[in-house]
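Each remark here refers to the structure printed beneath this line.
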Amino acid sequence: MRTKIIAALLAAIVPLVGEASTSIAIDAKRNCLAGAFGAVSGGAPVTFQLAPGRYVVSLLSNNMSCSGGVLTNGCMIHSVMLQGGLGTSSSRWGTSITEPTVVDLTGPGSLSNLIAYVSDDQCADNTGQATLLIQPAY
């Protein structure tokens, strides 16, 4: 009887574990790419993997600045670029995350490789961080 109760409990909990949200930290300077206006910056995108599915991606806790902490006069970095996934994935060629955005990952295989980064023409004076929250969409 005890085994049946434990099995029932595990059966109820396991589906919830696979559908947990994921948080990705984005640093305005370290994860900044600037290549369109000269030499490519020394920054690097955040890389991660997600299983095929539909996700809602949101930008939270954002204090990223394009000029030493200034968040006014157009200097708040209000978007993060999300790119990756194969097939007909909606982020394959890149999408800007400024508000909750639905992203479909439909590529072949069990996992899709994605990158997230800030795009700026001068990354050296960027400061702050933001959190990219990725939740399964129902």
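Here the numbering used here is used: the first residue of the sequence shown is 15, the next is one more, and so on. Cβ coordinates follow ideal geometry from the N, Cα and C atoms, glycine included.
Looking only at DSSP bridge pairs, what is residue i linked to?
{"i": "Q97", "result": "I129"}
{"i": "D41", "result": "Q143"}
{"i": "M90", "result": "S79"}
{"i": "T36", "result": "I148"}
{"i": "C137", "result": "None; C137 has no bridge partner."}
{"i": "L47", "result": "S133"}
Give me the residue from the options with the minimum Cα distance to residue i.
{"i": "S133", "options": "L146, V116, M95", "result": "M95"}
{"i": "V60", "options": "Y152, G88, Y131", "result": "Y131"}
{"i": "V71", "options": "D139, D135, V116", "result": "V116"}
{"i": "S105", "options": "I40, R68, I91", "result": "R68"}
For residue i, collect the residues of the same chain with a Cβ closer than 8 Å to its Cβ; drop the 5 residues on either side in sequence, then sort them by chain order.
{"i": "S126", "result": "Q63, L64, A65, P66, G98, G99, L100, S103, L119"}
{"i": "S35", "result": "L147, I148, Q149, P150"}
{"i": "P122", "result": "L100, G101"}
{"i": "C89", "result": "S79, C80, S81"}
Near residue i, what residues of its chain come up, given a Cβ to Cβ distance below 7 Å and the 5 sequence neighbours on each side ignored?
{"i": "S110", "result": "S93, M95"}
{"i": "T141", "result": "A42, K43, S79, G82, G83"}
{"i": "C137", "result": "K43, C46, A48, S55, G57"}
{"i": "L73", "result": "V94, I111, T112, A144, L146"}
{"i": "S124", "result": "A65"}
{"i": "Y152", "result": "none"}
{"i": "A39", "result": "Q143, T145"}
The beta strand (DSSP E) spanning residue i covers which residue range?
{"i": "L146", "result": "143–150"}
{"i": "G121", "result": "Run containing G121: none; DSSP gives neither H nor E here."}
{"i": "V70", "result": "67–74"}
{"i": "I111", "result": "109–111"}
{"i": "Q63", "result": "60–64"}
Would residue i count as contacting chain D if we go by Cβ distances under 8 Å?
{"i": "G82", "result": "Here chain D cannot be found, since the structure has a single protein chain."}
Closer than 6 Å by C-beta to residue i: which residues in its own chain qualify, once you throw out the five before and the five after it? Chain order, please.
{"i": "S37", "result": "T145, L147"}
{"i": "G108", "result": "M95, Q97"}
{"i": "N76", "result": "A144"}
{"i": "L85", "result": "S79"}
{"i": "I129", "result": "P59, T61, Q97, G98"}
{"i": "D139", "result": "S81, G82"}
Is residue i near the ligand FMN, going by C-beta to nearest heavy atom under 7 Å?
{"i": "G108", "result": "Only the bare structure without any ligand can be found here, which leaves the ligand FMN out of the picture."}
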